[in-house]
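Asker: Sequential numbering from 1 applies to the sequence shown in UniProt numbering. The beta carbon of each residue, even a glycine, is placed where N, CA and C say it ideally should be. Model, not experiment: these values are computed from the prediction. Have a look at the structure that comes next, please.
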Amino acid sequence: MNGKAAFDAAFLFYLPSRPSAPEHKVKNEMKIKGSGRGACLRDGMGKRAAFTLILCGVLVILAVSSAVSVSMMYVLSGQNSRSVPTKEQVTEHMNKEIYKHTAIYYTADEKPLLDLTKLTLDHAKRINQIIVGYKGAAPLELIFFSDEAEMEQYSGLKNVVGFYSEQEQMMGLLPEEKKQLLKKDELAVFMYKQLIIHEYTHYAFHQKTRQLGTDTSVFPLWFHEGLSEWVAHYDVVIDPIAFSVVPFDQLTTDRKWQKSRMEYETDVYLQSFYMIKDLTETFGEGIILTIINKTAETQDFEKGFEAATKESLKQFEHDFIKAYEKKKTALESQVSNAVF
Numbered sequence: 001m002n003g004k005a006a007f008d009a010a011f012l013f014y015l016p017s018r019p020s021a022p023e024h025k026v027k028n029e030m031k032i033k034g035s036g037r038g039a040c041l042r043d044g045m046g047k048r049a050a051f052t053l054i055l056c057g058v059l060v061i062l063a064v065s066s067a068v069s070v071s072m073m074y075v076l077s078g079q080n081s082r083s084v085p086t087k088e089q090v091t092e093h094m095n096k097e098i099y100k101h102t103a104i105y106y107t108a109d110e111k112p113l114l115d116l117t118k119l120t121l122d123h124a125k126r127i128n129q130i131i132v133g134y135k136g137a138a139p140l141e142l143i144f145f146s147d148e149a150e151m152e153q154y155s156g157l158k159n160v161v162g163f164y165s166e167q168e169q170m171m172g173l174l175p176e177e178k179k180q181l182l183k184k185d186e187l188a189v190f191m192y193k194q195l196i197i198h199e200y201t202h203y204a205f206h207q208k209t210r211q212l213g214t215d216t217s218v219f220p221l222w223f224h225e226g227l228s229e230w231v232a233h234y235d236v237v238i239d240p241i242a243f244s245v246v247p248f249d250q251l252t253t254d255r256k257w258q259k260s261r262m263e264y265e266t267d268v269y270l271q272s273f274y275m276i277k278d279l280t281e282t283f284g285e286g287i288i289l290t291i292i293n294k295t296a297e298t299q300d301f302e303k304g305f306e307a308a309t310k311e312s313l314k315q316f317e318h319d320f321i322k323a324y325e326k327k328k329t330a331l332e333s334q335v336s337n338a339v340f
């Protein structure tokens, strides 16, 4: 199977300092059947918000990945479908190591990253066992791509540093700042771990819903991507960020999601993270799995949400908007009164 066909359900991570992502460079769009595919993006496709994080006792400024889930397959202008490599072609020159349920394909360049990669996979698995409730070990492949061009050829998307394809149960990575990673630079290591955990969470979420006999398409996009971002920043202290809240019903499908990005001029990806954060702070971390289970039982997210939280999605939205508009006003007031 070639890379373009494999993107039946993929999750992508875009480079943090590159030109706008390919929504304006799309030649064709093909509707995909079944569960959608999603992306962690930088602006244009997905803006990154600057978070202040306290990591290992060190205050750092980190660009946190934003996320969007899409139900379209993007084909780049001028891309020749005959040149799209197969997975076998991409991996034929690579070494392969089986680590638990994951097959890792790598070259000599990535070998120094294997220990960190394995530790992060273990960490991602432990967190997802708790939060998502996936305790299985369905096969997963992790492939290190050699450069941006190869990943672009395979995925059909530009400016990509990582993705998850549900059809192939494969995670593709192109680590940023590899030199800094090898030097164990704290920020570079954090970004790399964040990338792996985000994509692994998409994998775990898909496997869990499959076990329950439902489909991830039953869940709104804000739940998909907010969950992956929240898990990726588990146990990280994040200072509050001001943003304007978008109505929840505008964050359910790809078309509405993209439209909201333009119309509301805010970060819908950041909002999705905070929606999950607010849920867990209000009801406890177990609420995520309860929502997943109840939604699977009813095959309806709103019904599942209400059964899990004992309040309607509309009520949660009302309370969320009220709380964050209040926080936004307070934060903006602090900024205006600050003396630099």
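Quick one: Cα of THR209 to Cα of MET171, how far?
Answerer: Distance between the alpha carbons of THR209 and MET171: 18 Å.
Asker: Restricting to Cα atoms, I'd like to know which of ASP278, ILE197, TRP230 and HIS101 is closest to THR120.
Answerer: Minimum Cα distance to THR120 is reached at ILE197.
Asker: Under the rule that 16 or more other beta-carbon atoms within 10 Å means buried, what is GLY284, buried or exposed?
Answerer: So GLY284 counts as exposed.
Asker: Would GLU141 and GLU168 be called neighbours here (beta carbons separated by less than 8 Å)?
Answerer: Contact flag set, yes.
Asker: Within the continuous beta strand (DSSP E) that includes LEU173, where are the two ends?
Answerer: That run of the beta strand (DSSP E) goes 170-173.
Asker: CA-CA distance, LEU313 and SER272?
Answerer: If you take the alpha carbons of LEU313 and SER272, they lie about 14 Å apart.
Asker: Out of THR309, ILE288 and GLU186, which one is the CA nearest neighbour of PHE205?
Answerer: For PHE205, the nearest C-alpha among the options comes from ILE288.
Asker: Kindly provide the ranges of any alpha helix (DSSP H) runs that are 4 or more residues long and lie completely inside the segment 95-158, ordered along the chain.
Answerer: Taking only runs of at least 4 residues, the alpha helix (DSSP H) segments lying wholly in the segment 95-158 are 114-131 and 148-155.
Asker: On a CA-only basis, which of PRO85, PHE145 and TYR274 is nearest MET94? Give me that one, please.
Answerer: The candidate whose alpha carbon is nearest that of MET94 is PHE145.
Asker: Alpha carbon to alpha carbon, how far is GLN194 from PRO112? Give it in angstroms, no decimals.
Answerer: Approximately 18 Å between the Cα atoms of the pair.
Asker: The alpha helix (DSSP H) spanning PHE305 covers which residue range?
Answerer: PHE305 -> alpha helix (DSSP H) spans 301-309.
Asker: If distances are taken between C-alpha atoms only, which option among ILE292, GLY226 and PRO220 comes closest to GLN211?
Answerer: Checking every option, the nearest Cα to that of GLN211 belongs to ILE292.
Asker: Scan the segment 176-246 and note each continuous alpha helix (DSSP H) run of 4 residues or more that stays entirely inside, going in chain order.
Answerer: Within the segment 176-246, the complete alpha helix (DSSP H) runs of at least 4 residues are 178-182, 186-211 and 221-232.
Asker: Report the option in TYR164, ALA137 and MET191 whose CA atom is closest to the CA atom of HIS202.
Answerer: Per the Cα distances, TYR164.
Asker: Is the beta carbon of GLY162 less than 8 Å from the beta carbon of LEU181?
Answerer: Result no, Cβ atoms of GLY162 and LEU181 do not sit closer than 8 Å.
Asker: Run the CB neighbour count on LEU12, radius 10 Å, all protein chains shown included, and call it buried at 16 or more, exposed below.
Answerer: Note that LEU12 scores 47 on pLDDT, short of 50, meaning its location in the model is unreliable; the coordinates nonetheless yield the value given after this. It is buried - the Cβ of LEU12 has at least 16 other Cβ atoms within 10 Å.
Asker: PHE316: which of THR298, ALA296 and TYR274 sits nearest, CA to CA?
Answerer: Taking only the C-alpha atoms, the option nearest PHE316 is TYR274.
Asker: In chain order, what residues of the same chain have a beta carbon less than 6 Å from the beta carbon of GLN129, not counting five sequence neighbours either side?
Answerer: Closer than 6 Å at the Cβ level, and outside the excluded window around GLN129, lie LYS135.
Asker: When burial is assigned at 16 or more other CB atoms within 10 Å of the CB, is LYS158 buried or exposed?
Answerer: LYS158 is buried by the Cβ-count criterion.
Asker: Among GLU306, SER155, TYR99 and THR295, which one has its Cα closest to the Cα of PHE219?
Answerer: The shortest C-alpha separation from PHE219 is found at THR295.
Asker: How close, in whole Å, do the beta carbons of ILE127 and TYR234 come, if the pair is a contact with beta carbons under 8 Å?
Answerer: 5 Å between Cβ atoms; contact.
Asker: According to DSSP, what are the bridge partners of THR298?
Answerer: DSSP lists no partner for THR298.
Asker: Would you mind working out which of LEU116, SER217, LYS125 and LYS178 sits nearest GLN299, comparing C-alpha positions?
Answerer: The shortest Cα separation from GLN299 among LEU116, SER217, LYS125 and LYS178 belongs to SER217.
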